[in-house]
Amino acid sequence: MRVNHVGEVCAQALYQSQALTARDETVRSQFRQAAAEERDHLAWTARRLDELGAHRSRLNPFWYAGAFVIGALAGRFGDTVSLGFMAETERQVEAHLNGHLDRLPEGDTRSRAIVAQMKADEIAHAEAATAGGGLPFPTPVRQGMKLAAKVMTTIAAKI
Ligand SMILES: [Fe+2]
Ligand SMILES: [Fe+2]
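Each number in this note's numbering comes from the position in the sequence shown (counting from 1) with 2 added on.
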């Protein structure tokens with residue numbers, strides 16, 4: 003759940019900076035809307051961590067700053083690249099959440115409900131980004147993003 007919380011810290015940082023760098027007004031409000039939903043996810047995962055007596059990642063300021071810079075970079079490449087980045091990010095998050103649902107105990111209905119609702123929202127974000135004109139990313143870029151996410155989730159699970 004700590005990894006999910008970090009993911010949501012990153013998601014809102016990404017979409018805030020992607021909203022700031024978006025050129026088209028529709029795209030800008032799309033990122034703003036997504037950022038608002040990621041803030042809900044952030045609150046749900048934070049509350050669940052508190053209920054479980056687990057700490058949040060101590061590196062959260064670092065995750066936020068890193069994701070904010072990456073979002074701004076994606077925005078610099080233009081709206082179709084920025085939306086493509088959003089679509090690919092959300093698809094990878096969906097895959098991560100699927101893995102988490104597989105590992106979560108059946109009895110942990112609170113966590114399962116949170117992860118399931120987030121998954122539904124992330125799927126909607128990916129679909130909206132693609133429908134909004136997001137470009138598909140080449141395989142090496144997608145693999146690079148997966149590797150970066152792997153490093154992030156491995157560190158965030160511990161620290
Ligand atoms: Fe989210
Ligand atoms: Fe999302």
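Here a beta-carbon is modelled for each residue, glycine too, at the ideal position from N, C-alpha and C.
Bear in mind the structure is a predicted one, so any value in this text is a computation, not a measurement.
- For ligand 2, a non-hydrogen atom lies closer than 7 Å to the CB of Glu92.
- Ala38 has its Cβ no nearer than 7 Å to any heavy atom of ligand 2.
- For the pair of segments examined, the segment 127 to 139 was found not to touch the segment 47 to 55: the number of CB pairs separated by less than 8 Å stays below three.
- Across the structure, Leu149 and Gly135 are spaced so that their CA atoms are roughly 25 Å apart.
- Within the segment 40 to 98, the complete alpha helix (DSSP H) runs of at least 4 residues fall at 62 to 78.
- Counted as a single uninterrupted DSSP element, the alpha helix (DSSP H) harbouring Pro142 occupies residues 141 to 160.
- Inclusion of Glu40 and Ala67 in the CB contact set at 8 Å is not warranted, their separation being larger than that value.
- At the C-beta level, Arg4 and Ser59 come within 8 Å of one another.
- Between Arg30 and Ala38, the gap from beta carbon to beta carbon reaches 8 Å or more.
- Ligand 1 approaches His43 closely enough that one of its heavy atoms is under 7 Å from the residue's Cβ.
- A straight line joining the alpha-carbon of Leu85 with that of Asn100 spans about 22 Å.
- Bounds of any alpha helix (DSSP H) do not take in Gly136, whose DSSP letter is neither H nor E.
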